[in-house]
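Inspection log for the structure reproduced underneath, given as structure tokens.
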Amino acid sequence: MAIQHLSIIDYAKCPLPVPPLEEQTEIVRRVESLFSQADAVEKQYLAAKQRLDRLSQALLAKAFRGELVPQDPNDEPAAELLKRIQAERTTLTPTRRQRNQSA
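So, in structure tokens, the structure goes:
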């Protein structure tokens with residue numbers, strides 16, 4: 101990189117402080133340790149995310165099978181409920197022909 105008013109000789113004259121080798125080694129050791137910890141956290145995150153995805157699928161499957169809550173023996177079977185709803189609809193809602201005749 102060149103700056104017009106600074107030459108390479110000017111750069112060479114500038115002091116560049118560098119920590120002692122022992123300190124550099126310690127810095128590298130700490131950075132590598134932190135990267136190792138970050139990798140471990142990332143692995144834990146990915147494993148937890150995978151478990152969560154499997155748990156969500158299992159939860160949905162149980163919900164569709166009706167296994168999330170215990171079955172109440174006093175509950176009306178779905179087939180009977182549907183028949184009752186259909187019967188109520190026919191008694192409450194006039195057919196098109198009945199609506200047209202009354203108008």
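203 is the number that this note's numbering gives the last residue of the sequence shown; the numbers go up by one with no jumps. Quick reminder that beta carbons are idealized off the backbone N, C-alpha and C, glycines included.
Residue i, enclosing alpha helix (DSSP H) - first and last residue
i, result
"Glu142", "121-165"
"Leu192", "178-192"
Candidates the options, of which the one nearest residue i by Cα
i, options, result
"Leu168", "Asp175, Ala158, Arg151", "Ala158"
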